[in-house]
Every structure is written in C-alpha cells, then in structure tokens.
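Enquirer: Going by the working numbering, the sequence shown opens with residue 35, and the numbers climb by one from there. C-beta: ideal position from N, C-alpha, C; glycine also.
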Amino acid sequence: MATSPLYCTVKRTESTPDLLAALYNDDPGFESYLLASWSPGPPAEEDIVLPDLAALLDEPVALRKPRTGHTPSRRLTWHCSIRSTGALSDDLWFELMWQVLDATGIESNGDPDACRWVALRNTGDRLDLVATVIRKDGRWARLHNDQRLARWACEDFTRDHQLTARR
Numbered sequence: 035m036a037t038s039p040l041y042c043t044v045k046r047t048e049s050t051p052d053l054l055a056a057l058y059n060d061d062p063g064f065e066s067y068l069l070a071s072w073s074p075g076p077p078a079e080e081d082i083v084l085p086d087l088a089a090l091l092d093e094p095v096a097l098r099k100p101r102t103g104h105t106p107s108r109r110l111t112w113h114c115s116i117r118s119t120g121a122l123s124d125d126l127w128f129e130l131m132w133q134v135l136d137a138t139g140i141e142s143n144g145d146p147d148a149c150r151w152v153a154l155r156n157t158g159d160r161l162d163l164v165a166t167v168i169r170k171d172g173r174w175a176r177l178h179n180d181q182r183l184a185r186w187a188c189e190d191f192t193r194d195h196q197l198t199a200r201r
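1) Put residue 138 into one of helix, strand or coil per three-state DSSP.
2) Output the distance between the C-alpha atoms of residue 35 and residue 195, rounded to the nearest integer angstrom.
3) Please report the residue range of the beta strand (DSSP E) in which residue 150 lies.
4) Using DSSP with H/G/I as helix, E/B as strand and the rest coil, what is residue 198?
5) Look up residue 177 in the DSSP assignment and say whether it is helix, strand or coil.
6) For residue 162, name the three-state secondary structure that DSSP assigns.
7) Give the secondary structure of residue 122 by DSSP, where H, G and I count as helix, E and B as strand, and everything else as coil.
8) With a threshold of 6 angstroms on Cβ separation, who are the neighbours of residue 42 within its own chain once the five nearest residues in sequence on each side are excluded?
Next up, the structure:
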C-alpha cells in the first residue's frame, strides 16, 4: 500500500484556550504563526494573544445559550491536524486549508454564518485548523463524516498537485 504524503486527523476537545496553548508550544525550533482565519477575523500577525484568540473563536458558543436557552455541550472545539511528509509553501497550505474547510462544512464557500476558525502553522510540516462547531448564527455546524471528508480533501489535493510521499 502506498504511503500518502499528507496525514490528516480530526478530533474534538472541550477547551479552545488549552488546545491553542498546546499547539503553540509544540515545536520550540519553529516560530508559530497564524496563517489565516475566518472573515472578518483577527489579522494574521506575528504577535497573537492566545486567550484573546480563544475568546474570539468561542464567542458564538457564548452567545448560543441566551439565544436558545440550552447549555453548551462539551467538545465544541474542532481540531484538524494535517501533516506533510515534504515541505509545502504557505500558498499550498493555504489552498489545502480552504479545501478542507469547505469539504468538512466548517466554512463552505460563500456562507456568511459559517464557523469561526483559524489556521495555525506550528511546525514546518504541519497545519492545524481550529474551529468552534457553533456557527456565527448560533446553529450547530453539520459535521457528519468530517474525518473522512477532510481525508478525502487531502487525497484530492495530493492528486491535483502530484505530491509524493518522502521517507
């Protein structure tokens, strides 16, 4: 069986601040940075205040209870980690990011009420997408089969760009 040049995992977690802190402390030899975010979101800058970024991401979650009267459930933070066996430019990571966000339903093309998300570069060979699963309009995102859809987006990207696995 051939090895894929991209490896993708999707998980859910309870704490956006804890996840962001763990991601930013991942590789001491790499300067972490924000590649992109929802629109209009925080600008991609070098200096990111993680608690502020987490609060912005979680804002739709905080607004949901007054709108619906329901207490937010656990595991509202979505995390997709994509690793590459070879070096990818920021432009290629950016293109892949959009394919995964669209395929999974985190931000489908042209949806003004999509989920809030950020794309983080924490190591030279990885992109991390972090999002809340509550959309800006207060509804739940439709994330059925998100792991499979993210992997398929990575496979399509691999095929489209003729990427090969490096050992």
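Expert: So, from the listed chains and residues:
1) The residue labelled residue 138 in the question sits at position 104 within the sequence shown. Residue 138: helix per DSSP, three-state reduction.
2) Working through the sequence shown from its first residue, we reach residue 35 at position 1. Working through the sequence shown from its first residue, we reach residue 195 at position 161. No answer about residue 35 holds up, because its pLDDT of 41 lies below 50 and its placement is not dependable.
3) Counting from 1 along the sequence shown, the entry for residue 150 is found at position 116. Residues 149 to 157.
4) As a position in the sequence shown, residue 198 is number 164, starting the count at 1. Reduced to three states, the DSSP call for residue 198 is coil.
5) Position 143 of the sequence shown, counted from the first residue, corresponds to residue 177. Three-state DSSP puts residue 177 in coil, outside helix and strand.
6) Locating residue 162 in the sequence shown gives position 128, counting from the first residue. In this structure, residue 162 counts as strand in the three-state DSSP scheme.
7) Here residue 122 is taken as the residue at index 88 of the sequence shown, counted from 1. Three-state DSSP puts residue 122 in coil, outside helix and strand.
8) Taking the sequence shown and counting its residues from 1, the one referred to as residue 42 is at position 8. So the list reads 116, 184, 185, 188, once near-sequence residues are dropped.
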